[in-house]
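Converting from the sequence shown to the numbering used here requires adding 187 to each position, the first position being numbered 1.
In this text, a Cβ means the ideal position worked out from N, Cα and C, and glycines have one as well.
Computed from a predicted model, the values in this text were never measured in an experiment.
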Amino acid sequence: MLRKSPKAYKISFVIISLLCGLSRMACAQAKELSLPPHLIQSVSGQDIYEGLLSLNMLGCPVLETEDVVAACDNVRDSVVRIDMGKAYGSGVVFRLTEEGAVIATNRHVLAYWDENTGVVCFPQGWYVNARMLGSSSSCDVGFLQVDKEELGISALMELRSVRLDEEVYDGLQKGAVAFCLGADRSLNEIVYQEVRVEDTDRYIDLFEGNMLYGHGFAKEGMSGGGIFDGYGHFIGLLAGGTWQGEIAGVPPGEVERAYREIAGE
Numbered sequence: 188m189l190r191k192s193p194k195a196y197k198i199s200f201v202i203i204s205l206l207c208g209l210s211r212m213a214c215a216q217a218k219e220l221s222l223p224p225h226l227i228q229s230v231s232g233q234d235i236y237e238g239l240l241s242l243n244m245l246g247c248p249v250l251e252t253e254d255v256v257a258a259c260d261n262v263r264d265s266v267v268r269i270d271m272g273k274a275y276g277s278g279v280v281f282r283l284t285e286e287g288a289v290i291a292t293n294r295h296v297l298a299y300w301d302e303n304t305g306v307v308c309f310p311q312g313w314y315v316n317a318r319m320l321g322s323s324s325s326c327d328v329g330f331l332q333v334d335k336e337e338l339g340i341s342a343l344m345e346l347r348s349v350r351l352d353e354e355v356y357d358g359l360q361k362g363a364v365a366f367c368l369g370a371d372r373s374l375n376e377i378v379y380q381e382v383r384v385e386d387t388d389r390y391i392d393l394f395e396g397n398m399l400y401g402h403g404f405a406k407e408g409m410s411g412g413g414i415f416d417g418y419g420h421f422i423g424l425l426a427g428g429t430w431q432g433e434i435a436g437v438p439p440g441e442v443e444r445a446y447r448e449i450a451g452e
C-alpha cells in the first residue's frame, strides 16, 4: 500500500481547499445570476404624467373622417361646469401642465367667480377648488387653474385637453358642420347643439371683436363651453347666442394668445 508523504498530504489539502473555494464562488455566482435584476430607479406617477405631457399624449383624439357623433364622444369630457353658487357657466380643459389643469372660459363668466365658493365640476364627478389666473383685456376670455394637489396625479392623467389648430380654423368653409358643448342646469349633464358655420371673422359689436359666427342654439349656462368641428378640433370658445338661433365664439387663436399673455409665455 502506497503512503503519501506529509508534504504530499499538505499539497493535496491545499488543492482540495482551493477546489472547495472555487466551488463556493461558483455557487455564489450561480445564486447571484438566479436573482432578478435590481431596479436602478423607480418611476413615480408624476414622472409618468410629465412623460405623457412631453409626448403630447393628453389631448383629445382627432378623427381622420368627419363624424360629429364620434367627435362629440371624444371631446365631451374636456368640457366642465364652473359653479359659482348663484350662477354657473362652462369651461374647457384648455391645457394640462406640470402644475395642473388650465380651464378656459369667458371673462364675463369669471365676473361672478369667488374663490371661496366657486368650484370646477368635471364630467368624471370631481368637484374641486380653483384659482383665477386672469382675464384678457382684449377678448371675452379668462382662465382658471386647478392645481395638481386638488385633483391628484391619477385624476390628471385621466383628463384630456382640447386640440386647436389655427390652420384648421382658417380653412373652415361656410356651411361646415360643427357643434357646441356646455353645462346644463342639471349637474353632470352636458348640452349638445349642432351648429352651421357662417363666418370665421365676423365683427360683433357686443364683443368688440371678430368672432366665429354660426347658426345654432345656445342657452344660459353654456357660456365658456367649447365649439368643435366634425373631427373634434376646438374651433371656438362659446361666448353667446340669440333667440334667433345665432351663436358667437372666440376664435381659438385669440384664446391661445390670451393665455400666453396671462401666463407670461
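Excluding the 5 residues flanking residue i on each side, which residues of the same chain have their C-beta closer than 8 Å to its C-beta?
i: residue 267; result: 277, 278, 279, 280, 290, 307, 308, 309, 310 and 370
i: residue 382; result: 364, 365, 366, 367, 401, 402, 403, 414 and 434
Just to check my reading of the structure: residue i and residue j have Cβ atoms closer than 8 Å, yes? What is that Cβ distance to the nearest angstrom?
i: residue 364; j: residue 403; result: Between residue 403 and residue 364 the Cβ distance is about 10 Å, and since that is not below 8 Å, they are no contact.
i: residue 257; j: residue 415; result: With 8 Å as the limit, residue 257 and residue 415 do not qualify as a contact, their Cβ atoms being about 11 Å apart.
i: residue 236; j: residue 346; result: Not quite, the Cβ-Cβ distance comes to about 10 Å (not below 8 Å), so this is no contact.
i: residue 359; j: residue 384; result: 5 Å
i: residue 377; j: residue 435; result: Actually they do not touch by this definition, with Cβ atoms about 20 Å apart.
Can you look up residue i in the DSSP assignment and give me helix, strand or coil?
i: residue 213; result: Its pLDDT being 43, under 50, residue 213 is placed unreliably by the model, and nothing is read from it.
i: residue 230; result: coil
i: residue 342; result: helix
i: residue 413; result: strand
i: residue 199; result: Any answer about residue 199 is weak, because its pLDDT of 36 lies below 50 and its placement is not dependable; what the coordinates show is given next. Residue 199 falls in the helix class under three-state DSSP.
i: residue 386; result: strand
i: residue 261; result: helix
i: residue 359; result: coil
i: residue 240; result: helix
i: residue 442; result: helix
i: residue 249; result: coil
Spatial neighbours of residue i within its chain, please: C-beta separation below 7 Å, excluding the five flanking residues on both sides.
i: residue 312; result: 375
i: residue 327; result: 293, 294, 295, 394, 426 and 437
i: residue 419; result: 247, 248, 249, 250, 258, 261, 262 and 350
Looking only at DSSP bridge pairs, what is residue i linked to?
i: residue 420; result: 350
i: residue 392; result: Beta-bridge pairing links residue 392 to no other residue.
i: residue 433; result: 402
i: residue 367; result: 380 and 414
i: residue 425; result: 436
i: residue 331; result: 290 and 319
i: residue 397; result: 390
Which same chain residues, not among the five before or five after residue i, have their C-beta less than 6 Å away from its C-beta?
i: residue 411; result: 276, 277, 278, 292, 293 and 296
i: residue 322; result: 294, 297 and 329
i: residue 386; result: 400
i: residue 282; result: 289 and 348
i: residue 372; result: none
Output the residue ranges of the beta strand (DSSP E) runs that lie fully inside the segment 265-327 and measure 3 residues or longer, sorted by chain position. 266-270, 275-283, 287-292, 306-308 and 318-322
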